[in-house]
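Enquirer: I am attaching a structure below and will ask some questions about it afterwards.
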Amino acid sequence: MIIMIAAVAENNALGKNNELVWHLPNDFKRFKALTTNHHIIMGRKTFESFPKPLPNRTHVVITRQENYQPEGCIVVKSISEAIAKCPKNEDSFIIGGGEIYTLAMPFADVLEITRVHHSFEADAFFPDINKDEWLLVESETNIKDEKHLYDYTYETFVKA
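What the sequence shown shows, in the working numbering, is residues 80 to 239, in sequence order.
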């Protein structure tokens, strides 16, 4: 399956200046648990926002840059080429950024969204989730605490 995974604010904000604008440790743990030992597809800017490649994952990086070849990564030029590089019988995760999510939406089977219950100034946004095309099948709300400044909800959508 092709799974898009993202933390998304109420106004669909993803981040600003190639960084997240919130810190939710539990969401990082969930992201790690879901994506470890899988292929992860991302745009070049998302890849470059990491201090180093994420451990125990195969990185598939989409870029228009010629001769871009970070060590240990699969580099492709399109979302369809990225998906073709992933094993057909395993889950693969699309992890951003905003442009990649928009391009990947037609290919996705599942959306794993962490909805951050706040609006933020941003320059990258998640595409609208069309409620006619996507069915919310699971929802788990988490209340802010000393480590999480915002309430947030894990939402799982499947194609309707």
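Backbone N, C-alpha and C define an ideal beta-carbon position, used for all residues, glycine too.
Looking at the unbroken beta strand (DSSP E) that takes in Ile208, where does it start and where does it end?
Expert: Translated into positions along the sequence shown, residue 208 becomes position 129. Where Ile208 is concerned, there is no enclosing beta strand (DSSP E), given that its DSSP letter is neither H nor E.
Enquirer: Might you give, ordered along the chain, the residues of its own chain that have their beta carbon closer than 7 angstroms to the beta carbon of Leu214, omitting 5 neighbours on each side?
Expert: Counted from its first residue, the sequence shown places residue 214 at position 135. Same-chain partners within the cutoff: Phe236, Val237, Ala239.
Enquirer: Less than 7 angstroms between C-beta atoms, sequence neighbours within five positions excluded: which residues of the same chain meet that for Val155?
Expert: For the purposes of this step, residue 155 is taken as residue 76 along the sequence shown, with counting starting at 1. Closer than 7 angstroms at the Cβ level, and outside the excluded window around Val155, lie Val139, Ile141, Ala161, Lys164.
Enquirer: Could you tell me how far apart the beta carbons of Asn90 and Ser198 are, in whole angstroms, since I believe they sit closer than 8 angstroms?
Expert: Within the sequence shown, residue 90 is the residue found at index 11, counting from 1. Within the sequence shown, residue 198 is the residue found at index 119, counting from 1. Contact holds; Cβ gap of about 4 angstroms.
Enquirer: So, with DSSP's three-state summary, where would you put Thr232?
Expert: By 1-based counting over the sequence shown, the position of residue 232 is 153. Strand, per DSSP.
Enquirer: Short check: CB of Ala85 to CB of Ile192, under 8 angstroms?
Expert: For the purposes of this step, residue 85 is taken as the residue at position 6 of the sequence shown. For the purposes of this step, residue 192 is taken as the residue at position 113 of the sequence shown. Yes, the pair counts as a contact, with Cβ atoms nearer than the cut-off.
Enquirer: Closest by CA to Leu190, which one among Lys131, Glu234, Ile222, Asn135?
Expert: Numbered from 1 along the sequence shown, position 111 holds the residue referred to as residue 190. It is Glu234 whose Cα lies nearest to the Cα of Leu190.
Enquirer: Across the region 173-181 and the region 114-123, are there enough close Cβ pairs to call them in contact, namely three or more that are closer than 8 angstroms?
Expert: In short, these stretches touch, since the Cβ pair count reaches three.
Enquirer: Could you have a look at Thr114 and say whether DSSP puts it in helix, strand or coil?
Expert: Counting from one through the sequence shown, the residue named residue 114 turns up at place 35. Looking at Thr114 - three-state DSSP - the assignment turns out to be helix.
Enquirer: Quick check: Ile173 and Met83, are their CB atoms within less than 8 angstroms of each other?
Expert: Here residue 173 refers to the residue found at position 94 when the sequence shown is read from its first residue. Here residue 83 refers to the residue found at position 4 when the sequence shown is read from its first residue. Yes; because the gap between Cβ atoms is below 8 angstroms, this pair is in contact.
Enquirer: From what residue to what residue does the beta strand (DSSP E) around Glu89 run?
Expert: On the sequence shown, residue 89 is found 10 positions in, with the first residue counted as 1. If you look at Glu89, you'll find it isn't in any beta strand (DSSP E); DSSP assigns it neither H nor E.
Enquirer: Could you please give me the residues that DSSP links to Leu190 through a beta bridge?
Expert: Locating residue 190 in the sequence shown gives position 111, counting from the first residue. Beta-bridge pairing links Leu190 to Met83, Phe236.
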